[in-house]
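Just below is one structure, and these are the notes that go with it.
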Amino acid sequence: MDSKYVDTHAHLNLSAFKDDLDEVMEKCQTESVAVVNVGTKETTSRKAVEIAEEADNCFAIIGLHPIQTVSGMHDEDEIGEGGEPFKSKGEEFNPDLYRELAKNNKVVGIGECGFDYWHTKVDTYGVQEVAFIEQIKLANELNLPLMIHTRGPKPDKQSPTGRSVYIDVYETLKTHAKVPFNVHFYAGTIDEASKFLDIGGNISFTGVVTFAKDYEEIVKWAPLDKIHGETDCPFVAPRSYRGKRCEPWMVIEVYKKIAELKNLDEELVREQLIKNARKFYNI
5 MDSKYVDTHA HLNLSAFKDD LDEVMEKCQT ESVAVVNVGT KETTSRKAVE IAEEADNCFA
65 IIGLHPIQTV SGMHDEDEIG EGGEPFKSKG EEFNPDLYRE LAKNNKVVGI GECGFDYWHT
125 KVDTYGVQEV AFIEQIKLAN ELNLPLMIHT RGPKPDKQSP TGRSVYIDVY ETLKTHAKVP
185 FNVHFYAGTI DEASKFLDIG GNISFTGVVT FAKDYEEIVK WAPLDKIHGE TDCPFVAPRS
245 YRGKRCEPWM VIEVYKKIAE LKNLDEELVR EQLIKNARKF YNI
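Structure, rendered in structure tokens:
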């Protein structure tokens, strides 16, 4: 990988980019931004691999998102700014299918997997847990890092375990994972982040850090060699692009904000985040 920046969590494999994927990829090339596209189910995992095969500085992570393990409708209120409503069908994780996909050398990880308590019913926890553990097992077998999804319940709801989603994910990883992992779109506490770092994990930040004050302390605290920059596009664009569809090249704004909050030179931060991504994903 010879890019100056890398978006470690993107979704160019979703329908939001079906009409102008080539133009977006060209913009990434112009801005020297490498892209790691993350699968959410079988079809989007296959699409992530397809995109990676066509572009030098694109890579793929394949897996089953927790909300895809349960059937139901998902609207913009749930999936966030920039997303398109969709229906999940309740897929089961098929290790043989993903094992075969992982034979492609552009596949650099497994996921995104974990727990999502936002709109799913309490009785779906067991289904999510099975899919999560199966993906951890496959990552262990293939010696690939894990991409972790964590989302707690709505403010007026309680998690199915009565604990923070971050603690539930932590305990599952501590018990089963033998490979490094990235907790993407990190929004937990410093104490929870410390737990993840202690067992071989790291965390990543999105464009939300450019406008949400709640993230300032965790960004300042996080060790520079234990973090990544991401967009989670097409969702939640950085401050300069609010209201627009988020795209991978916008990760440059995330890099700049991390440097600002840490009071560090932008070039130093850029070089370290590139180093982190290369080491973590072996790219």
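Numbering (my numbering) for the sequence shown: 5 to 287. Don't be surprised by glycine CBs; every beta carbon is placed ideally from N, CA and C.
Taking the beta carbon of residue i as the centre, do at least 16 other beta carbons fall within 10 Å, making it buried, or is it exposed?
i       : result
Lys-110 : buried
Val-273 : buried
Thr-128 : buried
Ile-207 : buried
Val-74  : buried
Leu-268 : exposed
Pro-159 : exposed
Asp-202 : exposed
Asp-236 : buried
Pro-70  : buried
Glu-27  : exposed
Glu-138 : buried
Gln-162 : exposed
Val-134 : exposed
Thr-12  : buried
His-78  : Note that His-78 scores 44 on pLDDT, short of 50, meaning its location in the model is unreliable and no value can be drawn from it.
Ser-49  : buried
Thr-47  : exposed
Asn-41  : buried
Asp-81  : Reliability of the predicted coordinates at Asp-81 is poor, the pLDDT of 47 falling under 50, and the value obtained from them is presented with this limitation in mind. By the 10 Å Cβ count, Asp-81 comes out exposed.
Ala-216 : exposed
Asn-280 : buried
Thr-193 : exposed
Thr-179 : exposed
Glu-251 : buried
Lys-22  : exposed
Thr-154 : buried
Tyr-102 : buried
Gly-130 : exposed
For residue i and residue j, which I take to be in contact (beta-carbon distance under 8 Å), what is that distance rounded to the nearest angstrom?
i       : j       : result
Val-183 : Leu-148 : 7 Å
Thr-214 : Arg-243 : 4 Å
Ile-55  : Leu-16  : 6 Å
Cys-117 : Gly-67  : 5 Å
Gly-233 : Leu-277 : 5 Å
Trp-253 : Cys-62  : About 13 Å; that fails the 8 Å criterion.
Ala-14  : Val-39  : 5 Å
Phe-119 : Leu-150 : With 8 Å as the limit, Phe-119 and Leu-150 do not qualify as a contact, their Cβ atoms being about 13 Å apart.
Ile-231 : Val-112 : Between Val-112 and Ile-231 the Cβ distance is about 18 Å, and since that is not below 8 Å, they are no contact.
Ile-114 : Leu-142 : 6 Å
Leu-146 : Ala-191 : Their Cβ separation, rounded to whole angstroms, is 28 Å, which puts Leu-146 and Ala-191 out of contact at 8 Å.
Ile-262 : Val-223 : 6 Å
Ala-181 : Ala-226 : Going by Cβ atoms, the distance from Ala-181 to Ala-226 rounds to 20 Å, so no, they are not a contact pair.
Where does the unbroken beta strand (DSSP E) through residue i begin, and where does it stop?
i       : result
Phe-136 : Here Phe-136 belongs to no beta strand (DSSP E); instead the alpha helix (DSSP H) covers 129-146.
Phe-200 : It is not in any beta strand (DSSP E) - Phe-200 instead sits in the alpha helix (DSSP H) that spans 194-202.
Ala-38  : 37-42
Ile-4   : Nothing about residue 4 can be read from this structure; the chain reaches only from 5 to 287.
Val-187 : 185-187
Over the uninterrupted alpha helix (DSSP H) stretch that includes residue i, give me the two end residues.
i       : result
Phe-209 : Looking at the DSSP string, Phe-209 is not in any alpha helix (DSSP H); the run it does join, the beta strand (DSSP E), is 205-209.
Val-255 : 255-266
Val-223 : 220-225
Glu-104 : 99-105
In this structure, what does DSSP give as the bridge partners for residue i?
i       : result
Ser-75  : Lys-93
Asn-280 : Per DSSP, none; premise fails for Asn-280.
Val-112 : None, per the DSSP bridge assignment.
Ala-56  : Paired residues: none, contrary to the question.
Cys-62  : Val-39
Gly-67  : DSSP output for Gly-67 lists no bridge partner at all.
Gly-118 : His-153
Comparing the C-beta of residue i with each C-beta of chain D, is any distance below 8 Å?
i       : result
Ile-194 : Looking at the structure shown, chain D is missing, and only one protein chain is on hand.
Secondary structure, alpha helix (DSSP H): runs of 4+ residues fully inside the region 154-183: For the region 154-183, whole alpha helix (DSSP H) runs of length 4 or above, ordered along the chain, are 169-180.
Considering only residues of the region 6-34, which uninterrupted alpha helix (DSSP H) runs meet the minimum length of 4 residues and lie entirely inside it, listed in chain order? Annotation note: the region 6-34 contains the following uninterrupted alpha helix (DSSP H) runs of length 4 or greater, listed N- to C-terminal: 25-34.
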